[in-house]
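Remarks on the structure that follows.
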Amino acid sequence: MTHPFPQELQSALQAVRQAAIACRSVQSSITTESLAKKDKSPVTVADFASQAIICRQLQLDFPNDPVIGEEGAAELRLPSGQQFLAQVVRECAAAGVEATTLQVCDWIDRGGASKYSPRFWTLDPIDGTKGFLRKEQYAISLALIVNGQIEIGVLGCPNMPFEGQPEECGVLAWAVRGHGAWMQPLSQPDFSSVPISVSKVSKTAEMRFCESVESGHSSHDWSGLIATELRISLEPVRMDSQCKYLAVARGDADLYLRLPTRKGYQEKIWDHAGGILVVQEAGGHVTDINGKAPDFTHGSSLAVNEGMVVTNSNAHEAIVSAIRKHSPHSDETAPQHS
Ligand code: AMP
Ligand code: MG
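Okay, so the sequence shown: first residue is 27 according to the numbering used here, each after it adds one.
Structure below.
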């Protein structure tokens, strides 16, 4: 594949693969007991290790590129964070990255940019933390944004199936703007990459939609009204993380709805950038719920967008209209929802 960002792509794929090793190792150590105690420490350790591993690679290869990432190392630098930090260092080492505690903190803090710049990366080291804790779906999402355009999008999806491979072999999906979307089994870098494309389903009534498991992240009441309006009869696929973008990109689902649960919530760029390019390059279409293109020129938030609508490109406008018609945030329909 000839494109303008070969080193960036290679670096991003390598970084996400390595971060996935740490995430898998931590996820496999989660026990029912730790979950019963509502112990979130596994996901925090994995989050920090994943961000450290990816930012280390970006630091080595592109030392001038800022990274807008989800985590910062402030807590880890405190005396109270030392035990935690030691665990993060151990997980990095197990994934092949030997480092001192200070190096790990510095790498994590490299991901602390928040302002827009003409060229930057955005990173969600573990998207879908609730899915991670439930041992379900989560994703590692990394994207390169140049002049406000996503040029590279990478999704590491350690628990997504890859046809013909053992269950839970995981998927590494990526896209380069103008050069298509691809995937391969996550832990098999030598496996030839497979092009991915969205489904061809064109009638809304036949569409399968996906949405967050968490009704606090996307309104299930609202999507239910839209499904009725569009005569969608298939049950929604509820899944955590940007694995939903992968699901639409490769035709497992035809539509992904992210419907704000309250007016004013600003989506984070790292929850979308990687997934958006993968869907667009697979032939899909992505706008916010008002039909506006996602705007990556406002720092860490999609400050001028609301929610997200991700389709296989078919019936996109009809879907946006149905969303608007049933909006709980507009004056017309406000009393229907709490
Ligand atoms: P999901 O796995 O699709 O439920 O999305 C996970 C992401 O939801 C997290 O990475 C958070 O950044 C994001 N999030 C947290 N609170 C909200 C909210 N109120 N509305 C939308 N997204 C949210
Ligand atoms: Mg996230």
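For glycine and all other residues, C-beta sits at the position ideal for the given N, C-alpha and C. A quick note: this is a predicted structure, and the numbers were derived from the prediction, not measured.
Cut-off 8 Å between Cβ atoms - residues of its own chain near residue i, not counting five sequence neighbours on either side
i	result
T70	F110
G98	I134, D135, G137, G138
A125	A78, R82, V115, C118, A119, W133
L242	The sequence given here has Gly at residue 242, not Leu. So the qualifying residues of the chain are T287.
P187	E193, E194, C195, V197
With 16 other Cβ atoms within 10 Å as the buried cut-off, status of residue i
i	result
P262	buried
Y291	exposed
L251	buried
P286	buried
L86	exposed
D73	buried
S140	exposed
D153	buried
P68	buried
Q108	exposed
Q210	buried
P32	exposed
L159	buried
S364	Annotation note: pLDDT 37 at S364 (below 50); position unreliable, coordinate value reported separately. The residue in question, S364, is exposed, as its Cβ has fewer than 16 Cβ neighbours within 10 Å.
S228	exposed
S54	exposed
S218	exposed
P17	Residue 17 lies beyond the range of the chain shown here (27 to 364); nothing can be said about it.
A344	exposed
G182	buried
L104	exposed
S167	buried
For residue i, the residue or residues it bridges with in DSSP
i	result
V197	C183, P211
W147	V93, L170
R264	E237
V312	V336
Q175	V172
L283	V335
K289	Bridge partners of K289: none, in fact.
D153	A165
K318	K318 is not bridged to any residue.
Close Cβ partners of residue i (< 7 Å) along its chain, the five nearest in sequence each way excluded
i	result
K351	E255
R145	D91, V172
I258	T230, A231, M233, F235
T323	Y142, G174
P361	Bear in mind that a pLDDT of 43 at P361, under 50, signals an unreliable position, so the number given afterwards is only what the model happens to contain. Result list for P361: empty, nothing under 7 Å.
G206	P221, E307
S339	V224, G309, G310, H311
Q36	none
Whether residue i touches residue j by CB criterion (9 Å)
i	j	result
V93	L128	no
R284	S244	yes
V42	A75	no
E34	E177	yes
I56	K156	no
I130	L102	Inspection of the sequence shows that residue 130 is occupied by Val rather than by Ile. Going by C-beta atoms, V130 is nearer than 9 Å to L102.
W147	A275	no
Residue-chain proximity (residue i, chain C), Cβ-Cβ < 9 Å
i	result
A72	No chain C is part of this structure, which consists of one protein chain only.
Residues near residue i in its chain [Cβ-Cβ closer than 6 Å; skip 5 each side]
i	result
L281	M233, F235, T337
G179	A169, A201, G300, L303, V304
E293	L328
Q44	I79, A121
D216	none
A348	I252, E255, L256
R50	P184
E96	D150, W296
Given 8 Å as the limit, is there contact between the stretch 305 to 322 and the stretch 221 to 229, that is, 3 or more CB pairs closer than that? Yes, they touch.
Quick one: any contact between the stretch 265 to 274 and the stretch 314 to 328, if contact means 3 or more CB pairs under 8 Å? Taking 8 Å as the limit for Cβ pairs, the verdict is that the stretch 314 to 328 does not touch the stretch 265 to 274.
Does the stretch 113 to 128 come close enough to the stretch 191 to 201 to have 3 or more Cβ pairs within less than 8 Å? Fewer than three Cβ pairs drawn from the stretch 113 to 128 and the stretch 191 to 201 lie within less than 8 Å of each other, which leaves the two stretches out of contact.
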